[in-house]
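S.K.: At position 9 of the sequence shown (counting the first as 1) the number is 17 in the working numbering, and the numbers step up by one without a gap.
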Amino acid sequence: EITFTSADEMGNVTEKYIYIEMMGRRNNIIFVGSDRRILGCLKKIDMDMSKDRPVLPGLIYEYPPKQDKVNIVDDSLSAITEVLPVGECTHQMLLDRIAGISPAIAKEICYKSQNNGTNLLDEIIDFRHLVTDDKLYPVNIVKDDKVADFSAFEFEHLRNDSIFEKTDGFSKMLDAFYFEKNREEQK
Numbered sequence: 009e010i011t012f013t014s015a016d017e018m019g020n021v022t023e024k025y026i027y028i029e030m031m032g033r034r035n036n037i038i039f040v041g042s043d044r045r046i047l048g049c050l051k052k053i054d055m056d057m058s059k060d061r062p063v064l065p066g067l068i069y070e071y072p073p074k075q076d077k078v079n080i081v082d083d084s085l086s087a088i089t090e091v092l093p094v095g096e097c098t099h100q101m102l103l104d105r106i107a108g109i110s111p112a113i114a115k116e117i118c119y120k121s122q123n124n125g126t127n128l129l130d131e132i133i134d135f136r137h138l139v140t141d142d143k144l145y146p147v148n149i150v151k152d153d154k155v156a157d158f159s160a161f162e163f164e165h166l167r168n169d170s171i172f173e174k175t176d177g178f179s180k181m182l183d184a185f186y187f188e189k190n191r192e193e194q195k
């Protein structure tokens, strides 16, 4: 939620809000007035698309429903332990139970626990420390001499077919990725 004030045509100052929702395929940016009514949105979601939560100008903004997942950074280790799969780990099991991780991070956690002979919880704790101890760094993932993706750390599960190039900052990392993507699209 980003809150700011602005003046209308009559000079009245009111608060307005921008909500940036990043939920996989359901990403959206929603502009909301002081009365909580939606003034505009990047993706309009009508009743045919979602009976539970339409997002259209004029409707009252509602927060997305809370997912029934534990948060990898904020929740206690005991809460995380309760939802961990018993037996073999798949990345989809982690995605279904833990908030705050991408499919690639879920794959990495499972890969490391299965191939390094470590406990799944230990790998989650290691990842959690990367985030909370500010040990993330910008890296481009290079495949076939092209920047194929980017990340905030190196993935062990991609080491056999990728090269990881650290960059001087997250902006340069993104510039390199989108430059390559744009060049590929223009071919």
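Ideal Cβ positions, reconstructed from N, Cα and C, are used throughout, including at glycine. Note that the structure is predicted; figures quoted are calculated from it, not measured.
So residue 161 and residue 149 are supposed to be a Cβ contact under 8 Å. How far apart are they, rounded?
M.R.: The count along the sequence shown starts at 1 and reaches residue 161 at position 153. The count along the sequence shown starts at 1 and reaches residue 149 at position 141. Actually they do not touch by this definition, with Cβ atoms about 11 Å apart.
S.K.: Of the choices 128, 187, 45, whose alpha-carbon is the least far from that of residue 26?
M.R.: Walking along the sequence shown from the start, residue 26 turns up at place 18. The shortest C-alpha separation from residue 26 is found at 45.
S.K.: Going by DSSP in three states, residue 29 sits in which element: helix, strand or coil?
M.R.: Here residue 29 is taken as the residue at index 21 of the sequence shown, counted from 1. Residue 29 falls in the strand class under three-state DSSP.
S.K.: At a cut-off of 7 Å, is residue 177 close to the ligand PLP when judged by its beta-carbon and the heavy atoms of the ligand?
M.R.: The ligand PLP is not among the ligands present in this structure, which contains no ligands whatsoever.
S.K.: To the nearest angstrom, how far is the alpha carbon of residue 75 from that of residue 121?
M.R.: Translated into positions along the sequence shown, residue 75 becomes position 67. Translated into positions along the sequence shown, residue 121 becomes position 113. Computed Cα separation, rounded: 25 Å.
S.K.: With contact counted as at least three CB pairs below 8 Å, one residue from each stretch, are the stretch 100-109 and the stretch 77-89 in contact?
M.R.: Result yes; three or more Cβ-Cβ pairs closer than 8 Å.
S.K.: Which residues does DSSP pair with residue 151 in a beta bridge?
M.R.: The residue you call residue 151 lines up with position 143 of the sequence shown. Paired residue(s): 154.
S.K.: Near residue 97, what residues of its chain come up, given a Cβ to Cβ distance below 8 Å and the 5 sequence neighbours on each side ignored?
M.R.: Within the sequence shown, residue 97 is the residue found at index 89, counting from 1. Closer than 8 Å at Cβ, skipping near neighbours: 117, 118, 121, 122, 128.
S.K.: Quick one: measure Cβ to Cβ for residue 54 and residue 65, integer angstroms, because I've assumed they're closer than 8 Å.
M.R.: Taking the sequence shown and counting its residues from 1, one reaches residue 54 at position 46. Taking the sequence shown and counting its residues from 1, one reaches residue 65 at position 57. About 11 Å separates the two Cβ atoms, so there is no contact after all.
S.K.: What residues in its chain sit with their C-beta under 6 Å from that of residue 221, if we drop five residues either side in the sequence?
M.R.: Nothing about residue 221 can be read from this structure; the chain reaches only from 9 to 195.
S.K.: With DSSP as the reference, please indicate the residues paired to residue 63 in a beta bridge.
M.R.: Here residue 63 corresponds to residue number 55 of the sequence shown, with the count starting at 1. Note: residue 63 sits in a beta bridge opposite 53.
S.K.: Of all the options 69, 181, 126, 194, which has the alpha carbon lying nearest to the alpha carbon of residue 144?
M.R.: For the purposes of this step, residue 144 is identified with residue 136 of the sequence shown, where counting begins at 1. Among 69, 181, 126, 194, the Cα nearest to that of residue 144 is on 181.
S.K.: Scan the stretch 86-141 and note each continuous alpha helix (DSSP H) run of 4 residues or more that stays entirely inside, going in chain order.
M.R.: Fully enclosed alpha helix (DSSP H) runs of 4 or longer: 99-105, 111-123, 128-140.
S.K.: According to DSSP, simplified to helix, strand and coil, what is residue 184?
M.R.: Locating residue 184 in the sequence shown gives position 176, counting from the first residue. Reduced to three states, the DSSP call for residue 184 is helix.
S.K.: In this structure, how does DSSP classify residue 7 when only helix, strand and coil are distinguished?
M.R.: This structure gives no information on residue 7, because the portion of the chain shown stretches from 9 to 195.
S.K.: Using only the alpha-carbon positions, how far apart do residue 147 and residue 172 sit?
M.R.: In the sequence shown, residue 147 corresponds to position 139, counting from 1. In the sequence shown, residue 172 corresponds to position 164, counting from 1. Roughly 6 Å between the two C-alpha positions.
S.K.: Beta-carbon within less than 7 Å of residue 132's beta-carbon, same chain only, minus the 5 sequence neighbours each way: which residues are those?
M.R.: Position 124 of the sequence shown, counted from the first residue, corresponds to residue 132. Once the five neighbours on either side are set aside, the close Cβ partners of residue 132 are 80, 88, 117.
S.K.: What's the C-alpha gap between residue 71 and residue 43?
M.R.: Taking the first residue of the sequence shown as position 1, residue 71 is located at position 63. Taking the first residue of the sequence shown as position 1, residue 43 is located at position 35. One C-alpha to the other measures close to 15 Å.
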